[in-house]
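Q: Sequences listed follow chains A and B, in order.
Take 562 as the starting number for the first sequence in the numbering used here and just add one per residue.
Take 17 as the starting number for the second sequence in the numbering used here and just add one per residue.
The structure follows.
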Amino acid sequence: MNSSPPASPPSRTRRLFLRAAFALGVIGGTAAALAPILRSDPRTPVSPGADAAGPPAAEHFDEMYGGRRIQGTDAGVLVDGRPLHMMRRADGSYVSVVNHFESFPTALATARAAVDDLGGSRLALAGPAFH
Amino acid sequence: MHIRKNQRNLTSAEKKRFVTTLLELKRQGGYDDFVRQHVRYYRADGDGGPRTGHMAPTFLPWHRKYLLEFERALQRIDPKVTVPYWDWTTDNTPAASLWSEDFLGGDGRSSDGQVTTGAFAYAAGNWTINDGVLERKFLVRAFGRPTSPIALPTKNELAWAMNEPVYDAAPWDSTVTRGFRNRLEGWTAGSDRTRWRNHNRVHRWVGGQMLGATAPHDPVFWLHHSFVDLLWDRWQQKHPKATYLPRRKLDDDDPQSGRAISLDEPMPPWRTKPSEVLSHRALYRYEA
Chain A
562 MNSSPPASPP SRTRRLFLRA AFALGVIGGT AAALAPILRS DPRTPVSPGA
612 DAAGPPAAEH FDEMYGGRRI QGTDAGVLVD GRPLHMMRRA DGSYVSVVNH
662 FESFPTALAT ARAAVDDLGG SRLALAGPAF H
Chain B
17 MHIRKNQRNL TSAEKKRFVT TLLELKRQGG YDDFVRQHVR YYRADGDGGP
67 RTGHMAPTFL PWHRKYLLEF ERALQRIDPK VTVPYWDWTT DNTPAASLWS
117 EDFLGGDGRS SDGQVTTGAF AYAAGNWTIN DGVLERKFLV RAFGRPTSPI
167 ALPTKNELAW AMNEPVYDAA PWDSTVTRGF RNRLEGWTAG SDRTRWRNHN
217 RVHRWVGGQM LGATAPHDPV FWLHHSFVDL LWDRWQQKHP KATYLPRRKL
267 DDDDPQSGRA ISLDEPMPPW RTKPSEVLSH RALYRYEA
């Protein structure tokens, strides 16, 4: 799955995200869960109830929050440059790998909540402990 | 046939047996297989594809089978072990014996959330977390979310789910406002204080790994879901004419076709059908 390049040359951010996402995907089925995120075109508006997996559609932000840099990019949300795995609920809100039992209305709110609950930890970049 | 007891009634010897067996399953590697399985079968309803573990009618039968498989793995190490249950409407404070040194250990410390008491404390050397999700290797808890406190669900809040006469309803996902399943699972809209209900709220209250996809890293996961499993049983007693829904495979033109699993369709990864696990009474019983 890491050998299929995007149709157009990827941006540096997207390339980093893809590499990091693949590393993250090494844990079990997260790879499968990430697949639709990697496939989807972030510029396509998401409609609730549709196949709405994917990064926050064109929700761009870049701020310091709780001492962490959080970014919303075309390819997904990053915390200190590391991908925050997110899933979409049918009502259009999000859950993240850090908060799977509550949802947030926007990608920015999801990123901030993840920072709140990360404590002092960082998201893992390459943690192939499960394979 | 074995008995799942209320954790508050366990003897010291039973607690020790449970803890020791968990540590051995962890040492052998089997424990982390279960954590991985929970991650793998968590799919949100905004995604395509079948949902088995969460945001779906199979939330209850899937976790019943999952707990049963876990319990069997423990019993291969010690045939006398069963998974106790935690009634969080009763044992609803950090002072509950559940969190004592000789059982699951207590809250995380304020600096980094690390659990430092009991057998699952990182420093004890037997409970290292290494899953590729976060860099931290230690078990974390933050009881009641100190930054913006919440309480565990009350009996009244649980009754709001238990009194629902219908098992589940279209669209069979996290947005349905009716039905026992989602009211117990706890996906509802609302303000910051009210948007978690019942099952989800308990995950939120414990904090740490219990908040995330890798929630089974915290052994309390099993006691929480053992109680959720018992609640399904109690709900069936309360509503004897109610049945699992959807009963039939959804029509091809239904938006949830291929996504929500009906009564006689197999649930991955075991191929078990919900209809096969509607009752647990041939397999185990709950202490009255």
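Ideal Cβ positions, reconstructed from N, Cα and C, are used throughout, including at glycine.
What do you get for residue 336 (chain B), buried or exposed, if any count of 16 or more other CB atoms within 10 angstroms of its CB means buried?
A: Because chain B here runs from 17 to 304, residue 336 (chain B) falls outside it and cannot be looked at.
Q: How do the segment 211-228 of chain B and the segment 660-671 of chain A stand: do at least 3 beta-carbon pairs fall below 8 Å, yes or no?
A: Yes: the two stretches touch, three or more of their Cβ pairs being nearer than 8 Å.
Q: How close, in whole Å, do the beta carbons of residue 79 (chain B) and residue 244 (chain B) come, if the pair is a contact with beta carbons under 8 Å?
A: Right, the Cβ-Cβ distance comes to about 7 Å (below 8 Å), so this counts as a contact.
Q: Taking only runs of the alpha helix (DSSP H) that begin and end inside the segment 225-270 of chain B, which ones reach a length of at least 4 residues, in chain order?
A: For the segment 225-270 of chain B, whole alpha helix (DSSP H) runs of length 4 or above, ordered along the chain, are 236-254.
Q: Put residue 28 (chain B) into one of helix, strand or coil per three-state DSSP.
A: If DSSP states are grouped into helix, strand and coil, residue 28 (chain B) belongs with the helices.
Q: Would you check if the distance between the CB atom of residue 123 (chain B) and the CB atom of residue 28 (chain B) is smaller than 8 Å?
A: Contact flag unset, no.
Q: Is there at least one Cβ from chain A nearer than 8 Å to residue 229 (chain B)'s Cβ?
A: At least one chain A Cβ lies under 8 Å of residue 229 (chain B).
Q: Consult DSSP for residue 303 (chain B) and reduce its assignment to one of helix, strand or coil.
A: Reduced to three states, the DSSP call for residue 303 (chain B) is coil.
Q: Excluding the five sequence neighbours on either side, which residues of its own chain have a C-beta within less than 6 Å of the C-beta of residue 23 (chain B), listed in chain order?
A: Closer than 6 Å at the Cβ level, and outside the excluded window around residue 23 (chain B), lie 100, 102, 114 and 239.
Q: For residue 333 (chain B), go through chain A and note every residue whose CB falls closer than 8 Å to its CB, in chain order.
A: Only positions 17 to 304 of chain B appear in the structure, and residue 333 (chain B) is not among them; the question remains open.
Q: Any C-beta of chain B sitting closer than 8 Å to the C-beta of residue 641 (chain A)?
A: Chain B, which has no Cβ nearer than 8 Å to the Cβ of residue 641 (chain A), makes this no.
Q: In terms of residue numbering, what span does the alpha helix (DSSP H) encompassing residue 648 (chain A) cover?
A: No alpha helix (DSSP H) contains residue 648 (chain A), which is instead part of the beta strand (DSSP E) from 647-649.
Q: Any idea which residues DSSP pairs residue 665 (chain A) with across the strands?
A: According to DSSP, residue 665 (chain A) bridges with A:655.
Q: How is residue 44 (chain B) classed by DSSP in three states: helix, strand or coil?
A: In this structure, residue 44 (chain B) counts as helix in the three-state DSSP scheme.
Q: What residue does the beta strand (DSSP E) around residue 631 (chain A) start on, and which one ends it?
A: Segment 629-634, the beta strand (DSSP E) holding residue 631 (chain A).
Q: In three-state terms, what does DSSP make of residue 218 (chain B)?
A: Helix, per DSSP.
Q: Please list the segments of the beta strand (DSSP E) lying wholly inside the segment 143-170 of chain B, counting only runs of 3 or more residues, in order along the chain.
A: For the segment 143-170 of chain B, not a single whole beta strand (DSSP E) run of length 3 or above is found.
Q: Can you give the beta carbon distance from residue 679 (chain A) to residue 150 (chain B), rounded, assuming they're within the 8 Å contact cut?
A: The pair is a contact, with the Cβ atoms about 7 Å apart (cut-off 8 Å).
Q: Quick check on residue 201 (chain B): buried or exposed, where buried means 16 or more other Cβ atoms within 10 Å of its Cβ?
A: Buried, since its Cβ has 16 or more Cβ neighbours within 10 Å.
Q: When Cβ atoms are compared, which residues of the segment 671-687 of chain A fall closer than 8 Å to chain B?
A: For the segment 671-687 of chain A, which is checked against every Cβ of chain B, the residues closer than 8 Å are 677, 678, 679, 680, 681, 682, 683, 684, 685 and 687.
Q: Taking the alpha-carbon positions, what's the residue 656 (chain A) to residue 676 (chain A) distance?
A: If you take the alpha carbons of residue 656 (chain A) and residue 676 (chain A), they lie about 13 Å apart.
Q: Beta-carbon within less than 6 Å of residue 380 (chain B)'s beta-carbon, same chain only, minus the 5 sequence neighbours each way: which residues are those?
A: The structure shown does not extend to residue 380 (chain B), since chain B is modelled only from 17 through 304, so no value can be given for it.
Q: Quick one, which of B:141, B:142, B:136 and B:171 has its alpha-carbon nearest residue 157 (chain B)'s?
A: Among B:141, B:142, B:136 and B:171, the Cα nearest to that of residue 157 (chain B) belongs to B:136.
Q: Using CA atoms only, rank isn't needed, just tell me which of B:236, B:142, B:164 and B:270 is closest to residue 45 (chain B).
A: Closest option to residue 45 (chain B), Cα to Cα, is B:142.
Q: Please state the DSSP three-state secondary structure of residue 34 (chain B).
A: Correct three-state label for residue 34 (chain B): helix.
Q: Can you tell me which of the three DSSP states residue 180 (chain B) falls into?
A: Of the three classes helix, strand and coil, the one that applies to residue 180 (chain B) here is coil, per DSSP.
Q: Starting from the beta carbon of residue 211 (chain B), find every residue of chain A whose beta carbon is closer than 9 Å, and list them in chain order.
A: By Cβ distance, chain A contributes 663 and 664.
Q: So, at 8 Å on beta carbons, what are the nonlocal neighbours of residue 199 (chain B) in its own chain, with the 5 sequence-adjacent residues on each side left out?
A: Excluding positions up to five away in sequence, the list reads 176, 177, 180, 213 and 214.
Q: Starting from residue 86 (chain B) and walking both ways along the beta strand (DSSP E), at which residues does that stretch end?
A: Careful: residue 86 (chain B) lies outside any beta strand (DSSP E), inside the alpha helix (DSSP H) at 75-93.
Q: Exposed or buried, what is residue 216 (chain B) when buried is set at 16 or more other beta-carbons lying within 10 Å of its beta-carbon?
A: Looking at its Cβ environment, which holds 16 or more other Cβ atoms inside 10 Å, residue 216 (chain B) is buried.
Q: Tell me whether residue 87 (chain B) is buried or exposed, calling it buried when 16 or more other Cβ atoms sit within 10 Å of its Cβ.
A: Flag for residue 87 (chain B) reads buried.
Q: In terms of DSSP beta bridges, what is residue 293 (chain B) paired with?
A: Answer by DSSP bridge pairing: none, since residue 293 (chain B) is not bridged.
Q: Are the Cβ atoms of residue 81 (chain B) and residue 288 (chain B) separated by less than 8 Å?
A: It is a contact, given that the beta carbons lie within the stated cut-off.
Q: Does residue 278 (chain B) get closer than 8 Å to chain A when you measure Cβ to Cβ?
A: Not closer than 8 Å to any Cβ of chain A, the Cβ of residue 278 (chain B) fails to qualify, so no.
Q: Rounded to whole angstroms, what's the CA-CA distance from residue 163 (chain B) to residue 685 (chain A)? Just pull it up for me.
A: The straight-line gap from Cα to Cα measures roughly 24 Å.
Q: Counting only beta-carbon atoms, is residue 273 (chain B) nearer than 8 Å to chain A?
A: No, no contact with chain A.
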